[in-house]
Amino acid sequence: MSGLNLAHLPFDIYAVICSFLHPMDIITIGQACKSLHFVFSTRSIWVDALRRTMSANSIFGHTLHRASDSSDPITLEELQHASTAPLRMLRLIESKQEKKYHKNRILRPFYRTMVHLPVDTRSGTNGKSTINKIYIVPGGRYVIVNAGDTLMVIDLERFFNLGGTEPGRYTAFCSCQSDKNFLVAPSPDGTRLRVVVMCSLFYIPVSDMLFRFDDFTVYEYDPSSHELSVLNSVSLQTDRIGDNDAAPSLCGNIFVFFLNSVVYVWDFVRELYASWKVDIPEVQEIIIADDKIIPIAENSLGIWQIPPLVSASPVEPSSPTEGVSAILPKLYIRVPRIGAPTLVYLTHDYRIFALPQRSLFVVLHVLLRRRLVLWSKTPFSI
């Protein structure tokens with residue numbers, strides 16, 4: 001009995017094969033013969049390849065919304081170009097680093113353009129303001145800008161479609177506290193962008209004691225309507241004045257930050273929160289994974305399950321914070337670590353791949369050789 005020819009398999013078999021291939025490999029196999037080129041140039045295969053590329057690189061879903069738009073469908077060439085873009089960029093960087101001379105390693109832009117921002121006449125500074133921070137949302141279409149007391153979202157696709165004119169049509173903006181620190185993450189359904197702006201305020205009450213207010217405001221950007229609005233806000237009052245050690249993290253509807261040896265978890269959609277003390281000093285980063293949080297310090301790491309959340313306290317009329325809906329009270333609950341500590345020694349950069357519900361599982365790589373402490377319900381080895 002003769003075997004099956006690779007060029008004459010059912011289409012669903014090809015689709016399964018392509019789901020395991022990198023987009024560049026799909027192009028390579030499609031160059032083997034005319035039959036494979038015809039099959040591997042099917043639009044459905046490349047739509048799936050683009051979705052996998054966007055998922056693997058955390059690209060905001062609305063960046064390439066035309067991939068599923070029947071009225072203005074994206075072409076096959078555009079699908080292939082977008083699917084292979086991350087690897088092509090990586091290869092470009094790697095090839096430049098292999099050059100012998102430093103001047104040959106410089107990445108030069110293919111073209112330059114000037115994006116004009118809307119003039120804000122409310123500031124009283126002749127429309128001039130300082131840009132504090134710029135963040136490019138993965139995918140390259142949307143740019144978040146904090147300029148003075150204004151938060152802006154720039155849609156570069158609208159910018160190019162309008163020929164760079166009418167800044168008010170390609171820029172959505174909202175007033176905010178003047179601070180350089182903000183976080184950006186997509187909504188759980190991937191259709192909107194959330195931006196959390198953090199700002200520390202200091203004031204002297206009647207007792208002449210210096211207190212610190214940390215304000216956290218959540219903004220939401222809707223790409224379909226090109227509107228930016230305030231979703232929620234909260235404030236935290238502490239009597240300790242120190243460095244900005246918030247170590248914030250944003251995932252879905254959950255915002256987590258660390259302040260004065262306390263971890264705060266805030267569900268800004270349901271307006272619920274929890275907080276507890278941890279024995280990890282100087283937390284550098286907090287990772288949110290499912291219903292667990294992982295504070296990471298220089299020489300230690302902890303895993304805590306997020307406890308049931310409770311309501312925050314309403315703002316008192318005498319509060320110095322404006323536009324804040326609630327204050328997180330200083331009520332700490334006791335939340336134990338998960339399991340017993342395990343010491344591991346790893347190299348490379350760390351990444352969290354999965355945290356299943358039943359058997360806690362963490363895969364970590366550390367850029368510099370560090371000692372990490374892992375807590376697990378069941379023994380495991382790496």
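The numbering of the sequence shown is full-length UniProt numbering, which starts it at 1 and goes up by one.
C-beta atoms are modelled at their ideal positions from N, C-alpha and C, and glycine is treated no differently.
What are the boundary residues of the beta strand (DSSP E) that includes Asn104?
Counting along the chain, no beta strand (DSSP E) covers Asn104, and no H or E run does either.
At the level of alpha carbons, what is the spacing between Trp46 and Val196?
The alpha-carbon atoms of Trp46 and Val196 are separated by roughly 34 Å.
What is the C-beta distance between Lys133 and Phe182, in whole angstroms, given that I count them as a contact (C-beta under 8 Å)?
Confirmed, Cβ separation roughly 7 Å.
Pull the bridge partners of Ala289 from the DSSP assignment, please.
Beta-bridge pairing links Ala289 to Lys292.
Relative to the C-alpha of Thr42, which residue among Gly30, Arg52, Ser200, Thr53 is closest?
Considering only alpha carbons, the answer is Gly30.
State the CB to CB distance for the pair Phe258 and Ala246, rounded to an integer number of angstroms; the pair is presumed to be in contact (CB under 8 Å).
Sure, about 6 Å apart at Cβ, within 8 Å.
Could you check the C-alpha separation between Asp189 and Ser55 for me, to the nearest Å?
Those two C-alpha atoms are separated by around 13 Å.
Any idea if Leu193 is buried or exposed, counting beta-carbon neighbours within 10 angstroms, 16 or more meaning buried?
Burial check for Leu193: the Cβ neighbour count within 10 Å reaches 16 or more, so the residue is buried.
Among the residues of its own chain, which have a CB less than 6 Å from the CB of Cys18, if the five just before and after it don't count?
Around Cys18: Ile26, Ile45.
Using the three-state DSSP reduction, which class does Ser58 fall into: helix, strand or coil?
Residue state for Ser58 is assigned as coil, using DSSP reduced to three classes.
Smallest Cα separation from Ser235: which of Tyr221, Asn260, Thr217, Ser249?
For the residues Tyr221, Asn260, Thr217, Ser249, the minimum Cα distance to Ser235 belongs to Thr217.
Quick check: what's the CA-CA separation for residue 384 versus Ile293?
Only positions 1 to 382 of the chain appear in this structure, which leaves residue 384 out of reach.
Any Cβ of chain B within less than 7 Å of the Cβ of Thr84?
Of the chains in the structure shown, none is chain B; there is only one protein chain.
Between the segment 87 to 95 and the segment 57 to 67, are three or more C-beta pairs nearer than 8 Å?
The segment 87 to 95 is not in contact with the segment 57 to 67.
Output yes or no for whether 7 Å exceeds the beta carbon distance between Leu228 and Ala297.
Taking C-beta atoms as the reference points, Leu228 and Ala297 fail to come closer than 7 Å.
Starting from Phe258 and walking both ways along the beta strand (DSSP E), at which residues does that stretch end?
It spans 254 to 259 - the beta strand (DSSP E) in which Phe258 sits, taken as one unbroken run.
According to DSSP, simplified to helix, strand and coil, what is Cys33?
Reduced to three states, the DSSP call for Cys33 is coil.
Where Phe361 and Lys103 are concerned, what is the direct C-alpha to C-alpha distance, given to the nearest angstrom?
Here Phe361 scores only 35 on pLDDT, less than 50, and its place in the model is too uncertain to base an answer on.
Assuming the contact rule is C-beta atoms closer than 8 Å, Met24 and Thr84 should be a hit. Round their C-beta distance to whole Å, please.
Sure, about 6 Å apart at Cβ, within 8 Å.
For Leu64 and Lys277, I'd like the C-alpha separation in whole angstroms.
Approximately 42 Å, taken between the alpha carbons.
From which residue to which residue does the alpha helix (DSSP H) around Lys96 run?
Membership of Lys96 in the alpha helix (DSSP H) is indicated by the continuous run 76 to 97.
Ser249, buried or exposed, once every other Cβ within 10 Å from all chains shown has been counted against 16:
When all chains shown are included, Ser249 counts as buried.
So for Ile154, helix, strand or coil by DSSP?
Three-state result, Ile154: strand.
Give the straight-line distance between the Cα atoms of Val138 and Cys199, rounded to the nearest whole angstrom.
Checking the sequence, you will find Pro at residue 138 rather than Val. One C-alpha to the other measures close to 24 Å.
Other residues of its chain near Leu331: CB distance less than 6 Å, five sequence neighbours each side excluded:
In this prediction, Leu331 has a pLDDT of 43, which is less than 50 and means its spatial position is unreliable; what the coordinates show is noted afterwards. None.
Would you tell me roughly how many angstroms separate the C-alpha atoms of Val145 and Trp304, rounded to the nearest one?
One C-alpha to the other measures close to 34 Å.
Do Asp215 and Ser175 have their CB atoms nearer than 7 Å?
For the pair Asp215 and Ser175, the CB atoms are not nearer than the 7 Å cut-off.
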